[in-house]
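Please read the structure below before turning to the comments.
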């Protein structure tokens, strides 16, 4: 019986990447424990799961890249977020290493070169070098496909040129640039070739070979939040664009007529591109993981993975932190909200919110489709109106302000993943993949109730797709405790902001750019407001995350 094929899609999250990291930590811990139980001959469900594809944008793309490397080696699973210096690169990268105090440094301003971002990205370079080096496990994890595929979305500022009306001499020609970009990677054995020419090889165990250096740059590129974080330059193969990137990655899906880019004459086999945050254009690359799964043998008919619980044989799990607190206003104040200053800020909010919306996928998840699932922040112990994430404030940059926020969100990811695997990620006994690996002893120990909206008269007992096989994994995780930073912490950050701006301004004031205008505005605000007022603004923005007494 073939395995149940699994894809994990990771939406953009900024500092709430700590939440996604927590989800991935619990998920791999559960898979490791289940694999060990099967190898030890324990009475557990014996069907197989194969992790085939990871897709991600922005912080989700960075998590996906770390997963591709980290899952090749052994690492600690984090049950105590007071720990430091662990072997868990999810946790170390997103909880211990990244912080606003590092992002407000000035290492990037050494020398006379141009300024690339409002924040110092030196720590991001350090994390990429640390986290994106593949480990060497004693034995391969049986639940990871030997050709694990990874998709990262990018916003290509250089663009891919297309001719819209090239009909001959004397006729007008229109041209356009296509900016939604992506990179595809695939793990391989040493010196092995990927399954398709557009996939970049990631040789197992050797971070200096193949496309590992490219992955490190691509991971930084997909998370390069415009203006705030440094854009990244990537060398790309022209062949990557032979099939238009708006076409499905599933070669069995319907395709339109072939359209080739209109490269300048005399070009070579590679080009240089400048890239920023993949979430600007595609913040939820669900379709990449979905269509890749649909392409696997036997391919899903019509590029649609089977949605029914009794027939489902593959599924995408989307981790969607949704670090947004937007709300609908039925009666907006036109004179206030449509004024130039308010409308400019509102437009930015619209861009961010729309990039996080994935309507088709969301509607099918809500309709209990068993080929797509979602893990999103939830904490029912909180009063109504309090967001579950602590890192979702300040446009989702809030988590960078305090380690405690990131630790909380990491714990919340583990907490939500446990409930997801225990309650929602299950299939009925009549599913052929489940049935083939089930014994009476395992059924007695692991049967669960079906999801409330999927119950039928014939299927009263279901089995978890990824069973929780140890007492520790089954024991309910405590609701994460909310953290609070002090006013002194905020004062320290305010001082760092001022120091950063004082170093930054002389380097950019003579540049007529958006960056210069942003800095001038920030300086004007900080010069006219007293420290207490600045602190009050931050306390309001950070919600319940500051100790006010």
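In our numbering, the protein residues as written are 1 to 549. Heads up, the beta-carbon is just placed ideally off N, CA and C, and yes, glycines get one too.
Taken through DSSP and simplified to helix, strand or coil, residue 73 comes out as coil. Taking a C-beta distance under 7 Å as the contact criterion, residue 151 and residue 182 qualify as a contact pair. Of all alpha-carbon atoms in 413, 265, 412 and 391, the one lying nearest the alpha-carbon of residue 403 is that of 391.
Judged by DSSP secondary structure, residue 34 falls within the alpha helix (DSSP H) whose first and last residues are 17–39. Residue environment: residue 389 is assigned as buried (16 or more neighbouring CB atoms within 10 Å of its CB, all protein chains considered). The alpha-carbon separation between residue 502 and residue 106 amounts to approximately 10 Å. Between residue 23 and residue 413, the gap from beta carbon to beta carbon is short of 7 Å. A contact between stretches requires three or more CB pairs, one per stretch, nearer than 8 Å, and the stretch 305–317 meets this requirement with the stretch 367–382. Closest in alpha carbon position to residue 486, among 542, 448 and 472, is 542.
Judged by DSSP in its simplified three-state form, residue 315 adopts strand. Excluding five sequence positions before and after residue 103, the CB atoms of its chain that fall closer than 8 Å to its own CB belong to 119, 120, 121, 123 and 400, given in chain order.
From the listed residues 178, 129 and 157, the smallest Cα separation to residue 163 is found for 178.
The C-beta distance from residue 205 to residue 72 rounds to 7 Å, short enough to meet the 8 Å contact threshold. With contact defined as three or more Cβ pairs closer than 8 Å, the stretch 257–269 and the stretch 195–202 are not in contact. With contacts defined by Cβ atoms closer than 7 Å, residue 70 and residue 86 do not form a contacting pair. Contact between the stretch 271–285 and the stretch 33–40 is absent: fewer than 3 CB-CB pairs across the two stretches fall below 8 Å. Distance from the Cα of residue 410 is smallest, within the candidate group 438, 421, 439 and 480, for 480. By the Cβ criterion, the stretch 431–446 is not in contact with the stretch 274–286, since fewer than three pairs of Cβ atoms, one from each stretch, lie closer than 8 Å.
By a beta-carbon distance limit of 8 Å, residue 226 contacts residue 276. Their separation comes to about 5 Å. In the three-state reduction of the DSSP assignment, residue 426 falls in the strand class. Beta-bridge partners assigned by DSSP to residue 462: 428 and 448. For residue 420, the closest C-alpha among the options 379, 443 and 429 is that of 379. Taking all protein chains shown into account, residue 282 has 16 or more neighbouring C-beta atoms within 10 Å of its C-beta and is therefore buried. As a beta-bridge residue in DSSP terms, residue 5 pairs with 50 and 314. With respect to the 7 Å criterion, residue 60 and residue 13 are classified as neighbours on the basis of their beta carbons. For the pair of segments examined, the stretch 24–32 was found not to touch the stretch 299–307: the number of CB pairs separated by less than 8 Å stays below three.
Taking 7 Å as the cut-off, the Cβ atoms of residue 464 and residue 426 count as close.
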